[in-house]
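J.: Number 467 in our numbering belongs to position 15 of the sequence shown; there are no gaps in the numbering. Just so you know, even glycine gets a beta-carbon here, dropped at the ideal spot from N, CA and C. Just passing along the structure, written as structure tokens.
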Amino acid sequence: MTWESFVKNRLPLLNLPDDILETLRPGEIAYTKATAIARVKNELQRQSLLKKVINEHLSLRDK
């Protein structure tokens, strides 16, 4: 990974909501899933989706 790639893809992860960061740091979800879930603006919907993704091991393609 180059520093440019790191700055573009990984550094913005620090700006994710706290509930997502708490699952991302220990590796419960991939950073790609974390960024997709973070796009949900409604906090309750986001938390529900986050729990579902973790519990059911959903991929980005699952609906």
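Mind checking V505: buried by the 16 CB within 10 Å criterion, or exposed?
T.: V505 is buried by the Cβ-count criterion.
J.: Tell me which same chain residues have a C-beta within less than 7 Å of the C-beta of A486, skipping the five on either side of it?
T.: Answer for A486: L465, L468, I472 and L476, listed in chain order.
J.: Count the other CB atoms, across all protein chains shown, that sit within 10 Å of the CB of A490; report buried if there are 16 or more and exposed otherwise.
T.: It is buried - the Cβ of A490 has at least 16 other Cβ atoms within 10 Å.
J.: Using a Cβ-Cβ cut-off of 7 Å (strictly less than) and excluding sequence neighbours within five positions of E480, which residues of its own chain qualify?
T.: Here the set comprises I506.
J.: Using a 10 Å radius around the Cβ and a threshold of 16 neighbouring Cβ atoms, would you call L512 buried or exposed?
T.: Exposed, by the Cβ-count rule.
J.: CA-CA distance, P478 and D514?
T.: Approximately 23 Å between the Cα atoms of the pair.
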